[in-house]
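Take a look at the structure below.
Numbering (full-length UniProt numbering), first residue to last: 1 to 168.
And the structure:
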């Protein structure tokens, strides 16, 4: 069993992954890895010496070919349970969830075979127990932000409003 949790914050050194919910022209952006037949939200591992924002930008560029984009953090998440990354059922890994609005792309030069730009969410997820939950949390955070005049996420309010109204 895999459990996805959300946090207001955790110590930076615990953030090992960045996942970026992305859109372009009011459509979802998904990636298809060369070695899989499924789709996923862009994202990946944090490299030594990178900030988590640098990780998100690098992964978005590598996995989608995005060259001109706007990106903002949403929240911290964790995945607990046995996964491709977690070897034991009690292992818990942490990451930062981002949103991005991509204006332009270049040719892909990575392990990604292609990107899919779609009006709808995919059905054949690479991580079906994780990524749909991340999207749902992003929706909730948008509603939370909408009710707050100030607070942790207020800087993302206008971007989230644009993002939410164009996709959800």
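For glycine and all other residues, C-beta sits at the position ideal for the given N, C-alpha and C.
Residues of its chain near residue i, where Cβ-Cβ distance is below 7 Å and the 5 sequence neighbours each way are ignored
i          : result
residue 10 : 76, 94
residue 57 : 71
6 Å Cβ shell around residue i - same chain, five flanking residues per side excluded
i           : result
residue 137 : 6
residue 147 : Bear in mind that the predicted position of residue 147 carries a pLDDT of just 42, short of 50, making it unreliable; the figure below should be weighed with that in mind. There are no such residues.
residue 30  : 39, 116, 122
residue 44  : 59
DSSP bridge partner residues for residue i (one or two, in chain order)
i           : result
residue 1   : In the DSSP output, where bridge partners are listed per residue, residue 1 has none listed.
residue 127 : None, per the DSSP bridge assignment.
residue 21  : 99
residue 29  : 22, 117
Rounded straight-line distance, which links the Cα of residue j to that of residue i
i           : j           : result
residue 69  : residue 102 : 4 Å
residue 71  : residue 125 : 23 Å
residue 2   : residue 80  : 6 Å
residue 63  : residue 109 : 8 Å
residue 130 : residue 28  : 17 Å
residue 4   : residue 140 : 15 Å
residue 106 : residue 114 : 12 Å
Of the listed residues the options, nearest to residue i (C-alpha basis)
i          : options           : result
residue 32 : 42, 49, 24, 23    : 42
residue 96 : 46, 28, 29        : 46
residue 16 : 115, 139, 132, 59 : 59
residue 53 : 127, 98, 111      : 98
Problem set entry | Continuous beta strand (DSSP E) assignments of at least 3 residues falling wholly in the stretch 41–119 | Under the rule that a run must span 3 or more residues, the beta strand (DSSP E) segments found entirely inside the stretch 41–119 read 43–45, 66–80, 92–105, 112–118.
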